[in-house]
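Chains as they are written, first to last, in this note's numbering: chain A, 203 to 389; chain B, 70 to 283; chain C, 122 to 363.
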Amino acid sequence: MLLVGIVGAAMRTSKSAPARGFATAFAEFFRNTPPLVHIFFAYFALPVVGIKLPAFVAGTLALVFYQGAIAIEILRAGIEAVPKGQFEAASALGLSGFEQFRSIVMPQAFRISLPALGNNLISLLKNTSLISAIGAIEITGVANDIIAIRLTSAELYLTIGGFYLVLVFILSGILRSTEARLARYGT
Amino acid sequence: MNPAYFPALRDVLVHGLPVTIEVSFASMLIAVAGGLVLGVVRALRNPALDAIVIAYVEVLRGIPLLVLMFFVFFGLPQLGLHFPEIPSAIIALGLWGAANGTEIVRGAIFSIASGQSEAGAALGLGWLQVMTTIVLPQALRRMIPPFMSLFVSIVESSSLAALIGVRDLLEIVRIKVENDATLWLPLLISILFIYFLINYPISIASQRLEKRLT
Amino acid sequence: MTMVAMSHVRKAFGSNEVLKDISLAVDPGEVCCIIGPSGSGKSTVLRCINRLVSIDGGEVIVDGLSVTDPKVKDVDLRRRVGMVFQQFNLFPHMTALQNVTLAPRKVRGLAGARAEETAMRLLAKVGLKEKAQQYPAQLSGGQQQRVAIARALAMEPKVMLFDEATSALDPEITGEVLGVMRDLAAEHTTMIVVTHEMGFAREVGTQLVFMDGGVIVEEGAPRAIFENPQAERTKAFLSKVL
Chain A
203 MLLVGIVGAA MRTSKSAPAR GFATAFAEFF RNTPPLVHIF FAYFALPVVG
253 IKLPAFVAGT LALVFYQGAI AIEILRAGIE AVPKGQFEAA SALGLSGFEQ
303 FRSIVMPQAF RISLPALGNN LISLLKNTSL ISAIGAIEIT GVANDIIAIR
353 LTSAELYLTI GGFYLVLVFI LSGILRSTEA RLARYGT
Chain B
70 MNPAYFPALR DVLVHGLPVT IEVSFASMLI AVAGGLVLGV VRALRNPALD
120 AIVIAYVEVL RGIPLLVLMF FVFFGLPQLG LHFPEIPSAI IALGLWGAAN
170 GTEIVRGAIF SIASGQSEAG AALGLGWLQV MTTIVLPQAL RRMIPPFMSL
220 FVSIVESSSL AALIGVRDLL EIVRIKVEND ATLWLPLLIS ILFIYFLINY
270 PISIASQRLE KRLT
Chain C
122 MTMVAMSHVR KAFGSNEVLK DISLAVDPGE VCCIIGPSGS GKSTVLRCIN
172 RLVSIDGGEV IVDGLSVTDP KVKDVDLRRR VGMVFQQFNL FPHMTALQNV
222 TLAPRKVRGL AGARAEETAM RLLAKVGLKE KAQQYPAQLS GGQQQRVAIA
272 RALAMEPKVM LFDEATSALD PEITGEVLGV MRDLAAEHTT MIVVTHEMGF
322 AREVGTQLVF MDGGVIVEEG APRAIFENPQ AERTKAFLSK VL
């Protein structure tokens with residue numbers, strides 16, 4: 203997810219028009235369409251063209267694309283928030299474009315984007331529950347109604363909900379302390 | 070091209086699209102109304118009420134929407150509360166949206182400089198008058214872009230309703246492919262574009278508006 | 122009768138004691154100017170008078186109403202006290218006219234037409250009759266502050282509080298706001314003015330208060346204090362600002 207975000211954001215803010223166009227189209231398309239449909243696409247539609255993936259791999263891949271698209275936009279905003287003077291100073295030092303991006307721009311953009319990236323990570327965690335949807339269909343067979351898998355106990359959903367809640371709280375706790383640690387370097 | 074594609078697509082558009090739109094709009098309505106009420110409650114700064122609203126927001130945003138939806142549809146009947154598919158989806162999405170809406174409203178209210186409410190109070194306006202005539206009119210404008218983004222999320226998440234049997238875009242596609250699995254590819258691409266055509270203009274408008282407001 | 126009487130007022134924000142035993146009396150028609158370094162508690166004194174800040178100890182009586190009396194409603198206090206802020210705090214989503222008519226309509230319950238009539242008269246008084254339909258963002262800082270003065274006057278208050286009303290303005294336009302304040306003083310409006318404008322304090326003020334560190338260090342006739350300050354802290358402050 204992060205890798206997609208970083209590479210995408212670099213392309214999205216690069217001087218090359220095709221790279222920019224591709225990254226923009228990718229990010230806009232994926233973040234404006236439902237992740238559940240991406241998962242269905244990766245698992246049910248790709249086999250039609252001969253790409254067969256296990257449910258977990260297909261689901262993960264689809265989510266990486268969706269959350270990655272969101273990460274691109276977050277990091278792009280972060281890069282745009284880096285003061286212009288930083289780019290100028292880096293150029294004045296004679297750093298190459300890639301070096302500027304890697305050692306000057308990205309570290310600062312990353313810190314600016316950290317809270318939003320953290321939320322994106324939490325959202326990824328919660329969306330992993332969607333992968334179970336294709337798993338369930340896999341078990342019951344597409345022909346059957348999905349709702350035939352009646353795991354119908356209120357306690358079960360409360361338990362699953364509570365389980366995710368704990369994970370999310372732990373993850374946000376870690377993210378908050380990371381932010382606090384990074385805040386010491388100034389904003 | 071598969072000859073079954075066009076009739077199938079027609080059914081997806083005629084039957085699935087209205088359901089997706091219905092679920093999204095109804096949920097959005099709950100999200101906005103609930104968000105406004107709970108966001109304003111947060112502005113009261115009453116510790117007990119704050120605790121309740123914070124707990125609601127954190128729990129609803131902390132559990133996956135799918136789990137919430139399954140809980141409403143499969144779990145609540147065990148507690149004696151039966152809702153059909155579409156209302157279940159709207160309740161789950163609406164409650165989830167209201168939690169996000171609360172944060173939007175709260176953020177917008179607190180972004181209005183405190184001097185504004187101070188000036189209102191100094192003129193003799195009561196808390197409610199300050200809220201309705203000074204703070205909310207200014208805050209409402211700032212809420213519009215994030216609420217538009219929330220609507221995009223709600224449209225995306227409405228696809229989860231397919232998993233409890235709501236016959237929305239995705240569920241109609243799933244029904245159509247039962248006899249012909251090769252239809253997955255064109256039909257899923259088609260609905261991806263439908264979702265995109267709904268959401269993209271709203272996303273763009275939201276970003277534009279956001280830029281203009283700052 | 123005294124218009125504003127403060128006796129032994131104390132106020133702390135957390136562990137920070139901003140007002141320590143403040144006593145002050147302002148009679149009708151007086152212009153009381155409060156000067157002092159920033160952080161001395163001047164603005165807090167004003168906010169205690171209209172209950173924007175609740176006091177921890179002591180007593181404030183405004184036109185016979187006690188701010189510590191729970192039976193006295195906020196609205197009754199604030200109808201008697203007009204306030205002008207450093208940052209103007211005009212409502213940006215309302216025109217100048219709407220800013221001025223808001224409180225008369227919502228608090229005093231005046232009909233729209235009557236409220237507008239009064240508001241236009243007040244806007245004319247501050248020299249902005251022709252700007253009535255403009256929004257705050259379309260007005261200069263000095264114009265905004267004059268609208269804010271009209272807005273406060275619209276409640277027909279018994280006393281006007283000015284919290285560094287010219288500090289956020291460029292030096293060349295403070296004059297237009299000070300001019301309006303001079304006019305009010307000439308009409309014997311009771312005013313309490315927190316200010317850095319020593320000229321205004323000296324010429325317009327009838328009473329001068331020098332505050333530092335949450336206490337009133339010295340008070341008396343402006344001319345006497347400016348020409349012959351008694352306390353060391355007053356001398357040090359005046360030598361820096363004059």
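From the three backbone atoms N, C-alpha and C, an ideal C-beta is built for every residue, glycine too.
Since we're looking at a predicted model, the values are computed, not measured.
Nearest-angstrom Cα separation, counted from residue j out to residue i
i	j	result
Leu155(B)	Val224(B)	For clarity, residue 155(B) is Ile in the given sequence; the question names Leu instead. Going from the Cα of Ile155(B) to the Cα of Val224(B) covers about 14 angstroms.
His84(B)	Ile241(B)	8 angstroms
Ala345(C)	Arg354(C)	16 angstroms
Val109(B)	Gly150(C)	42 angstroms
Phe347(C)	Leu359(C)	8 angstroms
Phe142(B)	Arg383(A)	43 angstroms
Val126(B)	Thr327(C)	56 angstroms
Phe140(B)	Gln147(B)	10 angstroms
Ile159(B)	Ala230(B)	9 angstroms
Val251(A)	Glu247(B)	18 angstroms
Ala285(A)	Ala292(A)	A quick correction: the sequence has Pro, not Ala, at residue 285(A). Looking at the two C-alpha atoms, the distance is approximately 12 angstroms.
Ala322(C)	Ser288(C)	14 angstroms
Ser218(B)	Leu277(A)	18 angstroms
Asn268(B)	Val221(B)	5 angstroms
Backbone secondary structure at residue i - three-state DSSP
i	result
Phe331(C)	strand
Met200(B)	helix
Gly355(C)	Per the sequence shown, the amino acid found at residue 355(C) is Thr instead of Gly. DSSP places Thr355(C) in helix when its eight states are reduced to three.
Met203(A)	coil
Arg352(A)	Since pLDDT at Arg352(A) reaches only 49, below the 50 mark, its modelled position is unreliable, and no value is offered.
Glu285(C)	coil
Thr330(A)	helix
Ala126(C)	strand
Phe152(B)	coil
Thr342(A)	Below a pLDDT of 50, predicted positions are generally treated as unreliable, and Thr342(A), at 41, falls in that range; the measurement from the model is reported next regardless. If DSSP states are grouped into helix, strand and coil, Thr342(A) belongs with the helices.
Asp347(A)	Summary for Asp347(A): the model assigns pLDDT 43, below 50, so the residue's position carries little reliability; its value from the coordinates is reported in the next sentence. DSSP places Asp347(A) in coil when its eight states are reduced to three.
Asn321(A)	helix
Leu255(A)	coil
Ala161(B)	helix
Thr89(B)	helix
Gly341(C)	strand
Ile474(A)	Any property of residue 474(A) remains undetermined from this structure, which presents chain A solely from 203 to 389.
Leu145(C)	strand
Arg79(B)	helix
Residue i Cβ short of 6 angstroms to the ligand GTP heavy atom set
i	result
Ile181(B)	This structure lacks the ligand GTP, and indeed carries no ligand of any kind.
Contact with chain B by residue i, beta-carbon distance below 7 angstroms
i	result
His317(C)	no
Asn321(A)	no
Ile362(A)	yes
Val370(A)	yes
His129(C)	no
Thr262(A)	no
Gln254(C)	no
Asn210(C)	yes
Tyr366(A)	yes
Proximity test, Cβ basis, 7 angstroms: residue i and chain A
i	result
Phe75(B)	no
Trp253(B)	yes
Pro87(B)	no
Pro133(B)	yes
Close-in-space but distant-in-sequence residues of the same chain around residue i (CB under 8 angstroms, 5 per side omitted)
i	result
Ile176(C)	Val130, Arg131, Lys132, Leu140, Cys169, Val188 and Thr189
Asp195(C)	Arg172
Met241(C)	Leu218, Lys250 and Ala253
Same chain only: Cβ atoms within 7 angstroms of residue i, ignoring 5 sequence neighbours per side
i	result
Trp165(B)	Leu129, Leu134 and Leu137
Gln263(C)	Here residue 263(C) is Gly; the residue named in the question, Gln, does not match the sequence. Within the same chain, Gly263(C) has close Cβ partners Leu290, Ile294, Glu297 and Val298.
Leu326(A)	Met203, Leu265 and Gln269
Residue-level contact to chain C via CB, residue i, 7 angstroms cutoff
i	result
Pro219(B)	Residue 219(B) is actually Leu in this sequence, not Pro. False, the Cβ-Cβ gap to chain C never drops below 7 angstroms.
Gln53(B)	This structure does not reach residue 53(B), given that chain B is present from 70 up to 283, and the question cannot be answered.
Ile203(B)	yes
Nonlocal neighbours in the same chain, by C-beta distance under 6 angstroms from residue i, ignoring five residues either side
i	result
Ala219(A)	none
### Message
Count Cβ pairs between the region 226–241 of chain C and the region 167–186 of chain C that sit closer than 8 angstroms; are there 3 or more?
### Response
no
### Task
Check whether the region 357–368 of chain A touches the region 301–316 of chain A, counting contact only when three or more Cβ pairs, one atom from each stretch, lie closer than 8 angstroms.
no
### Message
Is it the case that the region 257–271 of chain C contacts the region 208–223 of chain C, given that we only count it when at least three CB pairs across the two stretches are under 8 angstroms?
### Response
yes
### Task
Give a yes or no on contact between the region 278–291 of chain C and the region 311–321 of chain C, applying the rule of three or more CB pairs nearer than 8 angstroms.
yes
### Message
If contact is defined by three or more beta carbon pairs under 8 angstroms, each pair taking one atom from either stretch, is the region 71–86 of chain B in contact with the region 242–259 of chain B?
### Response
yes
### Query
So does the region 257–271 of chain B actually touch the region 241–254 of chain A, counting three or more Cβ pairs closer than 8 angstroms?
yes
### Query
Would you say the region 94–112 of chain B touches the region 160–179 of chain B, given that touching needs at least three Cβ pairs under 8 angstroms?
yes
### Query
Can you find at least 3 beta carbon pairs, one from the region 188–203 of chain C and one from the region 176–188 of chain B, that sit closer than 8 angstroms?
no
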